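Chains A and B are the protein sequences, given in the same order. Sequential numbering of the first sequence, starting at 1, is according to the UniProt record's numbering. Sequential numbering of the second sequence, starting at 1, is according to the UniProt record's numbering. Backbone N, C-alpha and C fix where the C-beta goes; we use that ideal spot for every residue, glycine too. Model, not experiment: these values are computed from the prediction. These notes concern the structure reproduced below.
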Amino acid sequence: MVEAVNTYQIDTVNAMASAVKSMAKAASDWLTFAFDVPFARAVVFGVHIGGHLFVEGLLLVVILFLLSQKSYKPPKRPLTKKEIDELCDEWVPESLIPPITKEMQCEPPVLESAAGPHTIIDGKDVVNFTSANYLGLIGHEKLLESCSSALEKYGVGSCGPRGFYGTIDVHVDCEARIAKFLGTSDSILYVILLNFGDEGVHWGIQNGLYLSRSTIVYFKHNNMESLQSTLEKVTQDNKRAKKLRRYIVVEAVYQNSGQIAPLDEIIRLKEKYFFRVLLDESNSFGVLGSSGRGLTEHWGVPIEKIDIVTAAMGHALATEGGFCTGSARVIDHQRLSSSGYVFSASLPPYLASAAITAIDVLEENPELIKKLKQNITTLRKGLSDIRGLEIASDPQSPIIFLKLKQSTGSSSDLELFEDIAERVPKEDNVFVATSKRSKLDKCTLPVGIRLFVSAGHTESDLQKA
Amino acid sequence: MITIPYLTALTTYFSYGLLFAFGQLRDFFRKLIDWWQASNLQGYAPICLGLEDFYVRRLYLRIQDCFGRPISSPPDAWFDVVERVSNDNNKTLKRTTKISRCLNLGSYNYLGFAASDEYCTPRVVESMKRFSPSTCSTRVDGGTTTLHNELEDCVASFVGKPAALVFGMGYVTNSAILPVLIGKGGLIISDSLNHNSIVNGARGSGASIRVFQHNTPSHLEKVLREHIAEGQPRTHRPWKKIIVVVEGIYSMEGELCKLPEIVAISKKYKAYVYLDEAHSIGAVGKSGRGVCELLGVDTADVDIMMGTFTKSFGSCGGYIAGSKDLIQYLKYSCPAHLYATSISPPAAQQIISAIKVILGEDGSSRGAQKLARIRENSNFFRSELQKMGFEVLGDNDSPVMPIMLYNPAKIPAFSRECLKQNVAVVTVAFPATPLLLARARICISAAHSREDMIKALEVISRVGDMVGIKYFPAEPKKEQLEENRVKLE
């Protein structure tokens, strides 16, 4: 019985196998027939079409279909109005100003009279060492006279920018006078000088450099080797940028430390590396050099070698504002493109006439400069033996800068100095200033006490100090 | 917003294209000639690259005599303009000794304080004798006099804020205050037509800057919402603070800013408002207190108010007014306060006296008269110009009126023809305005009398016909004679 079943099964399997075989044979016959269909062997455009091309064609169609399907990106959902509302409600801004600390509360002393060599504070007469009044021109009669007549004639303001009827003839005269004095071809007047490095440069220069969107590279304060190495580096990096304008910006007498720049070396470096020099002579105009022409005279360098000279008139010339001189091309370019010149009102005419008078006075009286130099030396001698403090500025600079022999490098230094500065007017009737720094300043020089020496100080004043 | 008619746009583009082509041609020849003759200064990069001062050399120099005209008298209603001649086709101009007395339509002399004033000038001279023309030192070192403190109190009470801080120059005020108030991580949203000093201050601060369409509060709202929701670019951290900067009167358009809406929106989104009232302080508002008074905005809502003294007060300098804490903080940290020489004492005295006159504290009603007069003058002038068919911009009550010129050739034509007929106007072209939209800007002052204005109108109308800038149809003059005849009959 089992054998019968087995054979029956084997028979069915055989039958199925043979049926499958015959079906496969039929299919392959059909396939071969299909592939042997006349057109399949046709020669189209000289290309022999084989049947396999159908499969490839099909594959191609499938691939194209898949590619054309968009890939799955998570849907972009822009913030709904409600969400934006929530975010806006949640957002809390910082307060506009940080909280006021005690050190911010101190008020500067208030003067009750002109800021000359002697001034009145709180009813007391003190010797004033804080005004950069180097030639003692504050309160000078000629200056006052010319100012009053200018005030009577022109009123106070000039009511317009230089381009639109703000150019009063005194402006043009003043510019010409400055140019004649310095020996350059032209000059241009500003209302306040924020021109646009040495690490010790003051904030105005820093801001100007930053706004000009040029790359700024600082070199160590007044250190010529550092300057040289920086220049080397910069020139090597920018070999291809032959058209890049490169400037060295230095101050003649640094406001923050009282040092004098070694101009002859700077000129040598500049000519070697093809940079242009921008010299800020705020504190040296009218002071250095035998006739007050500034740093160039001091070092005996012809002024054409400096490309741009800027200076604030608020110091030696006892007026406000600033000017910039140089070759005519540079100055003309500034007239149209310097935003501080084009977009703001021009200098009040009485200040311009004061500047003219001041330069006249300076030219006529060179002994003012001698007196200033004498005063500087006397004061230095007197100050050099105060314990704990040392003089950190150049022997010839009119700003005497005292710093601690051992500074702790922290803000307690500043407090100590402020203490001194507060006590000194009360006890000895002398008025000095500490150097203040805005938090925006990148200067890293140590803080100290600054004394501005003036030609108006008499011997007794200096002794008191 | 100004919509420029198509034909005018076409002709303006064509003119500029022609000027540009000629300029390039001349540059090409210049290069040839220079190559012929060797130049000195080898090895130095030139101070100005070729195309940078192309505009200056080829376009501006042609019409240079329209700008920078020197005057030899105070910029009052009538002043003396010094004539200049040029021997080398306008490249350099030399002053002559001839002067011509012209009507001044260009100086910012809104209340007429420009020349010596009977109340102000004696006090100014006195203060100068007492304090000398300059203090030669910064405010913190030794430049603060009693005058400075008095001035700050005066300004604060005039503007309507608890405290104020004064600087020597208006431009510096903006450039030095914005970096102190906001730094990296903050956002400054400023009007698209803000003044260059604000732009410089904003750039110097290091904050991100976004611009909203001029005087469009709805766009301001959209920008605010978008940016608060997104946060800082790339990191998406929330912003540290947002300051919205607007001006009271825009000097090139003469428009008042839509202050109530802008303040409302800023309050809603907790942004701070910085208002620059350079042109509007002293000139608008019932008692001269500026755009806040005119539009009815409470001064406590505006966080920082800034202004200058050059325009309405006849002096120089700028101020910031705000809360006591704000001013205290600025005194401690603002570089312009710490490093720049303080404002000149006579200038300070002029401001104090001018404010006293405006408020009537000098015992006369000159201040109120001046304010009424400038309002009447501006409205009269503007309506007359519009009747004549000129395209005049600006809102009512604003003393600044630009007249559209568009075409670059009309700029010198208008300016020179007016000068020939003894009216001095100011024309403004490319860097200060968009390329196509050159204009002539008229600033009315309280010192102008009715006759002055009528003369000015006649001259401008005649020159306008000659130059062809009456873009709008003129309103027909009423046939008054006929009417009279009818009445008689």
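query: Contact the stretch 157-173 of chain B vs the stretch 211-219 of chain B: 3+ CB pairs below 8 Å; result: no
query: A:Ile63: first and last residue of the uninterrupted beta strand (DSSP E) it sits in; result: Note, A:Ile63: premise wrong, no beta strand (DSSP E); alpha helix (DSSP H) at 52-68.
query: Residue(s) in a DSSP beta bridge with B:Tyr272; result: B:Ile243
query: Ranges of the alpha helix (DSSP H) found wholly within the stretch 260-319 of chain B, counting only runs of at least 4; result: 291-295
query: Three-pair Cβ contact test at 8 Å for the stretch 453-464 of chain B versus the stretch 415-422 of chain B; result: yes
query: is_contact[A:Lys153, chain C] using C-beta, thresh 8 Å; result: Checking the listed chains, one finds no chain C in this structure; the protein chains it contains are A and B.
query: Three-state secondary structure (DSSP) of B:Thr121; result: helix
query: Closer than 9 Å at the beta carbon, the chain A residues around B:Ser86; result: Residues of chain A passing the Cβ test: none, with the nearest at roughly 14 Å.
query: The stretch 374-382 of chain B touching the stretch 227-236 of chain B, judged by at least three CB pairs closer than 8 Å; result: no
query: Residues that B:Tyr269 contacts on chain A, provided the C-beta gap is smaller than 7 Å; result: Cys88
query: Exposure of B:Arg247, with buried meaning 16 or more beta-carbon neighbours within 10 Å; result: The residue you asked about is not Arg; residue 247 of chain B is Glu in the sequence shown. Flag for B:Glu247 reads buried.
query: B:Thr8 to B:Val423 span [Cα, whole Å]; result: 26 Å
query: Interface partners of A:Glu94 on chain B, CB under 7 Å; result: Lys240, Lys241
query: B:Leu59 to B:Gly23 span [Cα, whole Å]; result: 8 Å
query: Residue-chain proximity (A:Leu351, chain B), Cβ-Cβ < 8 Å; result: yes
query: CB contact below 8 Å: B:Thr235 versus chain A; result: no
query: Closer than 9 Å at the beta carbon, the chain A residues around B:Val263; result: The contacting residues do not exist; B:Val263 stays about 15 Å from chain A at best.
query: Pairwise C-alpha distance: B:Leu436 and B:Thr12; result: 7 Å
query: Distance, B:Glu118 Cα to A:Leu351 Cα; result: 21 Å
query: Assigned exposure category for B:Met453 - 16 Cβ within 10 Å defines buried; result: buried
query: Under 8 Å by beta carbon: chain A residues contacting B:Leu181; result: Leu96, Ile97
query: Outcome for A:Ser18 when other beta-carbon atoms lying within 10 angstroms are tallied against a minimum of 16; result: exposed
query: Limits of the beta strand (DSSP E) - the one that B:Ala440 falls within; result: 439-443
query: 8 Å contact criterion, which B:Lys270 and B:Gly185 should meet: CB distance rounded; result: Their Cβ separation, rounded to whole angstroms, is 16 Å, which puts B:Lys270 and B:Gly185 out of contact at 8 Å.
query: Rounded separation between B:Gly307 and B:Asp27 - CA only; result: 43 Å
query: Rounded straight-line distance, which links the Cα of B:Ile352 to that of B:Phe113; result: 12 Å
query: Rounded straight-line distance, which links the Cα of B:Ser72 to that of A:Asp441; result: Note that A:Asp441 has pLDDT 43, beneath the 50 cutoff, so the model's placement of it is unreliable and no number is given.
query: Proximal residues of chain B, C-beta to C-beta of A:Ile359 below 7 Å; result: Within 7 Å Cβ-Cβ: nothing; A:Ile359 doesn't reach chain B, min ~14 Å.
query: Minimum Cβ-Cβ distance from A:Ile356 to chain B less than 8 Å; result: no
query: Where B:Lys94 falls, given that 16 or more other Cβ within 10 Å makes a residue buried; result: exposed
query: Inter-stretch contact at 8 Å, needing at least 3 Cβ pairs: the stretch 84-101 of chain B / the stretch 300-320 of chain B; result: no
query: 7 Å Cβ cut-off: residues of chain B touching A:Leu79; result: Ala229
query: Contact list for B:Pro346 against chain A, beta-carbon separation under 8 Å; result: Cys147, Leu151, Val156, Tyr350
query: Residue range of the alpha helix (DSSP H) that includes B:Ile460; result: 450-467
query: Beta-bridge partners of B:Gly322, as assigned by DSSP; result: B:Ala163
query: Span of the alpha helix (DSSP H) around B:Ser100; result: Counting along the chain, B:Ser100 falls outside any alpha helix (DSSP H), though it belongs to the beta strand (DSSP E) covering 94-104.
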